[in-house]
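Asker: Structure in structure tokens, see below.
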Amino acid sequence: MTLYAVRQSIRYDFARPTGAGRQLFRILPANIVGLQTVREAGYAFSPDAGERGEFQDFFGTRVIEAAMPPGLISLDLTMHCLVERRAEDALLDLSPHLPGLVAELAAHRSVGPRAPHHFTLPSRRIPVATQISEFARDQLSLGLTIRALVEKMGRALHDHMTFDAKATRVDTPPEQAFAQGRGVCQDFAQIMVGALRAVGVPSAYVAGYLRTLPPPGKPRLVGADAMHAWVRAWAGEEMGWVDYDPTNACYARNDHIDVGFGRDYDDVAPVTGRLRLDGDQSGSHSVDIEEIPA
Amino acid sequence: MDSAVTAKVKTASKGKARDRGLSAYRPLPGVPDELVTPDGTLRPLWQPLVNHLQGLTDEGLTRATGRADQYLRDSGVFYRQYGSGQSVERPWPLSHIPVLIDEADWAALTPALIQRADLLETVLADLYGENRLVADGHLPAALVAGNPEWLRPLVGVRPASGHFLHFVAFEIGRGPDGRWWVLADRTQAPSGAGYALENRVATSRAYTDVFAGLNVHRLAGFFRDFRDALLGLRGARDGRVAIMTPGPLNETYFEQAWIARYMGVSLVQGEDLMVSDGRLMVRTVSGLRPLDVLWRRLDGSYADPLELDPASRIGTPGMVAVLRQGGLTMVNSLGSGVLETRALMAFLPKLSVHLTGQKLAIPNIATWWCGGLPERAQVMAERSRLVLSPALGTGLPFDRQGESTVAASLTPDELAARLVLDGPDLVAQEAVTLSTTPALIDGKLEPRPMSLRVFLARTPNGWQVMQGGFARIGASADPTALAMQRGGSAADVWVVSPEEVPAVSMVTPADAPYRRSSPGALPARAADNLFWLGRYVERTEGMIRLLRARHIRLAEGGRAALPLQKQMDAVLKSYGVDGAVGLSSGLLNTLGAAVATAGQVRDRFSPDGWSALNDLDKTARRMAGRVAPGDDAARALSALLRKLAGFSGLVHENMYRFFGWRFLSIGRQLERASAMTGVLIAFADPKATPGALDLCIELGDSVLTYRRRFSLGSTRETVIDLLALDPMNPRSVRHLIDGLSEQVQALPGAATHGQLSELGRAMLRCQVDIATATPDTLTTEALQALHGQIAGISDLLTEAYLR
């Protein structure tokens, strides 16, 4: 078990006072039976005006809902929580081969939040991309189990891509990020989701936090962590969902903290919202993840 | 009335009865026809109409159909045609022959349609509830999860009214055996009910006597019941009912505006709305007002950019949150479009038996979802009569716009390969043959394919079926050419009873207690449009007057007038008008802006006003290319001025004296005061060119008054007195400012606890300044300051009410 203290702060500054608006925040870690427990969580807005609410969206993500009064010149949201992770280290591969997966999928009778059917088709931010589909087909080989395919695909993508925080923006299409071979975790994850879907493996986009370890001998920098994204692939009825992080070429275990999952970035974007703006806005996010010794 | 019809028939049969194509009229092979039986005998139901048509001379027939078309033009009924990147308004394509259906035939249809509506409600409740139909294997999961109209944020949200569906339509047609089939379910935001009404009015104008003589069921009762049902859905709450439109560029905006006016509810757009305290609010000139029932005419996914389609610019952020909290009844619930999915028709027959124990009383066209092996085998076996279409599509089976393939056009191997590759994305449907109904082609009746759209509204007494509907008539014998976008037309549907039918109207029955409803609060956007409509119309008038004066002087000629013409050109130029040409494009642009602004608030003034404005615009555009500078132009401009007066009269005489009218009037008065001040600055300056003072009097339309009051030549003092300071002259600045002030004081929030608003203070200062001025003190500089004050009032008004 690993225990984390997670702090996040989101701040906006507006050049001119805003009109009224509404925003949704998906930043609270999830409670997942057997994997992740949120021991405590709290958040605060400054200025603390307007209506606030909280609900769970279709996929079960906790959403903070806030109505913004008009006339804001800045807005601060700070969140802190204590989260326990207890992922199992070794995963026994119980997944079928691709034809078996196709049959299991056709027989799966549910459209609940964790049903694979939501994650088979292209989505708004992950449309069909020829190059990515070709890349995906190149990873197929006879006798490969789904879990092995996921891992192979993730490693191949990791080799193809270079992490570059300046190469893409939040709305860069996966196809472009793939073509230029550079991007951030969002790009890695959306490309891999698209690749898996292209060969018939249902896969979701997961948003959360990642604990980063400082370079050997250096102190941990407060606020240097970030929100993270990875991939959740359906490996059949027996094995269920497998979380793989293509940015780091590893399975997502205890360094990862889940916030939510969906079809693509849109379903789990940390901030969604509409404000009436007359001028510019600038924003800053900071995330800090500290391991609490048990 | 019956005797009148009979009498006419007799005169017709005596002598010059025309055949109207009847002797050559034959049903198409294998297809039932509404007018004649398979052996060619006229159905008795049609006899009176056919007699009437045969009794009309060619001119008489042209006059009759002309009356219908005239009505549609006058009411501004049009439809929007899309193509080559732009959309244009086209005259409404009315097929002048109504579809006549026997009441008994209709009565048999009614319970079958209600059964289907109830079944759809049950299926929808499951899709947004427990999803047992998927879990128990009655519906494939992929069909639901992959459906773009299945809106996940609405899963688990129970409708506040207890019902998901309140208003549905079915597209129906007759199969080869003459029985009705459902071709498509319309549950998202069905259009056409308003057009059905317009078709009815137009068609009954064409055949007044026949319509009155036949017992045709009326449509008004359906709308009255639905309006009362919508009002009833508010329960004990104090909010309002509104229709939400995607906006004036939508294909059926006209209909939405029309229904809103007909039913007496407001028409709102997404930007008019906001969410506050868990309720949906309209931004009005009186502040935020709650809405409790919203009849939406936009697709569900556009309703909320925050939780649904983030690209939507026509929705309202937070709409889903209000629904989640039960703060609003949405007609129909968001996500109801999922029922329109073509593939669902493959499952409905079995779902009906499973859910209700009853077979569908009216079948839908045979449909197979190609995701399963047995279905694919069946499709292979029946391929000669099937059409392949996208499983999740919602189009009508005959609206084949490149998305469908006739199965027989593929070889068996190709078809098998396609089914394996794309099976779950495909449905196979029986190729539709539609029955025919007569259309009038060059004065003769000819059979044309038709389908009917029928409407059902939920009322406290259950589903009401409209006794009539919207018929689509094909442009040719080909059933795929039904869509208006491809030349099809629309026809009225007469459900004919053997007995007298009750007369109904929208007016509440006399036994209900009388209650004067308060006029709805005016949305800020509508107020803004009315304000600018007032300004643009007035600006147009000012430009016409100045331009006309310019052309009169050109016609009268003489070197003496040249310096004044130059000065006039400079003023015209500041308005973007070229004084040297007959009818400048600058003038047309301003007029165009007036029409565009009016188009945004079409639900707020009468069809007569709308057609008068359009007529003015068309006339001006027609003249523009033709008139020569000088006398010709002056006369054309006078004609335009008269038409403009006609529009102003219609609007001002007939508009209800409430906030909407106030903003329109304020716009006019403000523009006129500003323009008159501008005229005096330019032409009443002591240094102005000779003849300028007379021009002022002419532009102020005050020549007669001037002569009566001052029996001498014009001086600056007399001109300023008459056009700026005289409170009795309706065109003087003082009179206009007084009127403006009166209107502003009547606006909501003009004064709080006896204290004037900023706008009120500015208004009062301006009023005092002009009331205390004299011709000596109102110098050109003082006029310039006044001009600035008027502009300031416009800004303050915009800030206070129109944002």
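If you read the sequences in order, they're chains A and B. When we follow the working numbering, the leftmost residue of the first sequence carries the number 1, and every step to the right adds one. When we follow the working numbering, the leftmost residue of the second sequence carries the number 1001, and every step to the right adds one. Cβ coordinates follow ideal geometry from the N, Cα and C atoms, glycine included.
Report the neighbours of B:M1274 on chain A: residues whose CB is nearer than 8 Å to its CB, in chain order.
Answerer: Walking along the second sequence from the start, residue 1274 of chain B turns up at place 274. Going along chain A in sequence order, the residues near B:M1274 (Cβ under 8 Å) are A20.
Asker: Just the C-alpha distance for A:Q190 and B:L1298, rounded to the nearest angstrom, thanks.
Answerer: As a position in the first sequence, residue 190 of chain A is number 190, starting the count at 1. As a position in the second sequence, residue 1298 of chain B is number 298, starting the count at 1. The alpha-carbon atoms of A:Q190 and B:L1298 are separated by roughly 31 Å.
Asker: Expressed to the nearest angstrom, what Euclidean distance is found between the alpha-carbon atoms of A:I292 and B:L1797?
Answerer: Taking the first residue of the first sequence as 1, we reach residue 292 of chain A at position 292. Taking the first residue of the second sequence as 1, we reach residue 1797 of chain B at position 797. Looking at the two C-alpha atoms, the distance is approximately 60 Å.
Asker: Spatial neighbours of A:I289 within its chain, please: C-beta separation below 6 Å, excluding the five flanking residues on both sides.
Answerer: Against the first sequence, residue 289 of chain A aligns to sequence position 289. Y4, V6, Y209, R211 and D225.
Asker: In terms of residues, what are the limits of the alpha helix (DSSP H) holding B:E1541?
Answerer: As a first step, residue 1541 of chain B is located in the second sequence; it is residue number 541 there, counting from the start. Segment A1524 to E1556, the alpha helix (DSSP H) holding B:E1541.
Asker: Using 8 Å as the Cβ pair cut-off and three pairs as the minimum, do the segment 1314–1330 of chain B and the segment 1292–1306 of chain B touch?
Answerer: The segment 1314–1330 of chain B, when compared against the segment 1292–1306 of chain B, does touch it at the 8 Å Cβ threshold.
Asker: Verify the CB distance criterion: does A:G279 have a CB-CB separation below 8 Å to chain B?
Answerer: Translated into positions along the first sequence, residue 279 of chain A becomes position 279. No, A:G279 does not count as interfacial toward chain B.
Asker: Give a yes or no on contact between the segment 1195–1209 of chain B and the segment 1064–1074 of chain B, applying the rule of three or more CB pairs nearer than 8 Å.
Answerer: Yes: at least three Cβ pairs fall under 8 Å.
Asker: Taking B:N1131 as the query, report the chain A residues whose CB atoms sit under 9 Å from its CB, ordered along the chain.
Answerer: Translated into positions along the second sequence, residue 1131 of chain B becomes position 131. Ordered by position in chain A, the residues that pass the 9 Å Cβ test against B:N1131 are S110, V111 and G112.
Asker: Apart from the five residues on each side of it in sequence, which residues of its chain come closer than 7 Å, Cβ to Cβ, to B:A1017?
Answerer: Taking the first residue of the second sequence as position 1, residue 1017 of chain B is located at position 17. So the list reads Q1054 and G1055, once near-sequence residues are dropped.
Asker: Can you give the Cα-Cα distance for B:A1202 and B:K1566, rounded to whole angstroms?
Answerer: Residue 1202 of chain B sits at position 202 when you count from the first residue of the second sequence. Residue 1566 of chain B sits at position 566 when you count from the first residue of the second sequence. Between B:A1202 and B:K1566, the C-alpha separation is close to 52 Å.
Asker: For B:D1617, count neighbouring C-beta atoms within 10 Å of its own C-beta (all shown protein chains included) and say buried if the count is 16 or more, exposed if not.
Answerer: Residue mapping note: residue 1617 of chain B aligns to position 617 of the second sequence, counting from 1. Under this definition B:D1617 is a buried residue.
Asker: Roughly how many angstroms lie between the CA atoms of B:M1380 and B:A1346, to the nearest whole one?
Answerer: Stepping through the second sequence from its first residue, residue 1380 of chain B is reached at position 380. Stepping through the second sequence from its first residue, residue 1346 of chain B is reached at position 346. Going from the Cα of B:M1380 to the Cα of B:A1346 covers about 16 Å.
Asker: Is there a Cβ of chain A sitting closer than 8 Å to that of B:G1247, yes or no?
Answerer: As a first step, residue 1247 of chain B must be located in the second sequence, where it is residue number 247. Answer no: the Cβ-Cβ gap between B:G1247 and chain A never drops below 8 Å.
Asker: Could you tell me the boundaries of the alpha helix (DSSP H) in which B:V1733 lies?
Answerer: Translated into the one-based positions of the second sequence, residue 1733 of chain B becomes position 733. From DSSP, the alpha helix (DSSP H) with B:V1733 extends over V1733 to Q1745.
Asker: My understanding is that B:P1027 touches B:P1044, with C-beta atoms under 8 Å, so please give their C-beta distance in whole angstroms.
Answerer: One-based indexing of the second sequence puts residue 1027 of chain B at position 27. One-based indexing of the second sequence puts residue 1044 of chain B at position 44. At roughly 17 Å, the Cβ-Cβ gap does not stay under 8 Å, so B:P1027 and B:P1044 are not in contact.
Asker: Against B:V1155, what residues of chain A qualify as contacts under a CB-to-CB distance less than 7 Å, listed in chain order?
Answerer: As a first step, residue 1155 of chain B must be located in the second sequence, where it is residue number 155. F58, listed in chain order.
Asker: To the nearest angstrom, how far is the alpha carbon of B:A1639 from that of B:T1590?
Answerer: Here residue 1639 of chain B refers to the residue found at position 639 of the second sequence. Here residue 1590 of chain B refers to the residue found at position 590 of the second sequence. Taking the straight line from one Cα to the other gives about 17 Å.
Asker: Output yes if chain B places a C-beta closer than 8 Å to the C-beta of A:L24; else output no.
Answerer: For the purposes of this step, residue 24 of chain A is identified with residue 24 of the first sequence, where counting begins at 1. For A:L24, the answer is yes, since a Cβ of chain B falls inside 8 Å of its Cβ.
Asker: Counting along the chain, where does the alpha helix (DSSP H) carrying B:A1762 start and finish?
Answerer: For the purposes of this step, residue 1762 of chain B is taken as the residue at position 762 of the second sequence. From DSSP, the alpha helix (DSSP H) with B:A1762 extends over E1758 to A1771.
Asker: Counting only beta-carbon separations shorter than 8 Å, does A:T172 have a partner in chain B?
Answerer: Here residue 172 of chain A corresponds to residue number 172 of the first sequence, with the count starting at 1. False, the Cβ-Cβ gap to chain B never drops below 8 Å.
Asker: With burial defined as no fewer than 16 other Cβ atoms inside 10 Å of the residue's Cβ, what is the status of A:Y265: buried or exposed?
Answerer: Position 265 of the first sequence, counted from the start, is the residue given in the question as residue 265 of chain A. A:Y265 is buried by the Cβ-count criterion.
Asker: Please classify B:T1122: does DSSP put it in a helix, a strand, or coil?
Answerer: One-based indexing of the second sequence puts residue 1122 of chain B at position 122. If DSSP states are grouped into helix, strand and coil, B:T1122 belongs with the helices.
Asker: Is B:Q1325 near B:L1386, with beta carbons less than 8 Å apart?
Answerer: Counting from 1 along the second sequence, the entry for residue 1325 of chain B is found at position 325. Counting from 1 along the second sequence, the entry for residue 1386 of chain B is found at position 386. It is not a contact, given that the beta carbons lie outside the stated cut-off.
Asker: By a C-beta neighbour count over all protein chains shown, 10 Å radius and 16 as the cutoff for buried, is B:E1137 buried or exposed?
Answerer: For the purposes of this step, residue 1137 of chain B is taken as the residue at position 137 of the second sequence. According to the sequence shown, residue 1137 of chain B is Gly rather than Glu. So B:G1137 counts as exposed.
Asker: Measure the C-alpha to C-alpha separation of B:P1690 and B:A1684 and round it to an integer number of angstroms.
Answerer: For this step, residue 1690 of chain B is matched to residue 690 along the second sequence. For this step, residue 1684 of chain B is matched to residue 684 along the second sequence. Cα to Cα, B:P1690 sits roughly 10 Å from B:A1684.
Asker: I'd like the list of long-range same chain contacts for B:R1227, defined as Cβ closer than 6 Å, with 5 residues on each side in sequence excluded.
Answerer: Position 227 of the second sequence holds residue 1227 of chain B. Same-chain partners within the cutoff: M1263.
Asker: Can you name the start and end residues of the beta strand (DSSP E) that B:S1584 belongs to?
Answerer: Here residue 1584 of chain B corresponds to residue number 584 of the second sequence, with the count starting at 1. Looking at the DSSP string, B:S1584 is not in any beta strand (DSSP E), and its letter there is neither H nor E.
Asker: Assign B:N1529 to buried or exposed, taking buried as 16 or more other Cβ atoms, counted over all protein chains shown, within 10 Å of its Cβ.
Answerer: Indexing the second sequence from 1 puts residue 1529 of chain B at position 529. Classification for B:N1529: buried.
Asker: CA-CA distance, B:S1095 and B:G1468?
Answerer: Within the second sequence, the letter at position 95 stands for residue 1095 of chain B. Within the second sequence, the letter at position 468 stands for residue 1468 of chain B. Using only the alpha carbons, I get a separation of about 15 Å.
Asker: For B:R1516, is the classification buried or exposed, using 16 other Cβ atoms within 10 angstroms of its Cβ as the cut-off for buried?
Answerer: Taking the first residue of the second sequence as position 1, residue 1516 of chain B is located at position 516. Because B:R1516 carries a pLDDT of 49, less than 50, the predicted location of this residue cannot be relied on, and the following value inherits that uncertainty. Counting Cβ neighbours within 10 Å, B:R1516 comes out exposed, since fewer than 16 surround it.
Asker: Return yes when the C-beta of B:E1758 is under 7 Å from any heavy atom of the ligand COA, and no when it is not.
Answerer: The model on display carries no ligand, and the ligand COA is accordingly not part of it.
Asker: Look up B:P1607 in the DSSP assignment and say whether it is helix, strand or coil.
Answerer: Reading the second sequence from its first residue, position 607 is the one you call residue 1607 of chain B. DSSP places B:P1607 in helix when its eight states are reduced to three.
Asker: Check whether the Cβ of B:D1795 lies closer than 8 Å to any Cβ atom in chain A.
Answerer: Along the second sequence, read from residue 1 onward, the residue named residue 1795 of chain B stands at position 795. No, B:D1795 lies away from the interface with chain A (no Cβ there is under 8 Å from its Cβ).
Asker: Quick one: what does DSSP say B:S1286 is sitting in, helix, strand or coil?
Answerer: Counted from its first residue, the second sequence places residue 1286 of chain B at position 286. Coil at B:S1286, not helix or strand.
Asker: Does the CB of B:D1126 have a neighbour CB from chain A at under 8 Å?
Answerer: Within the second sequence, numbered from 1, the residue matching residue 1126 of chain B stands at position 126. It does not; no Cβ of chain A falls within 8 Å.
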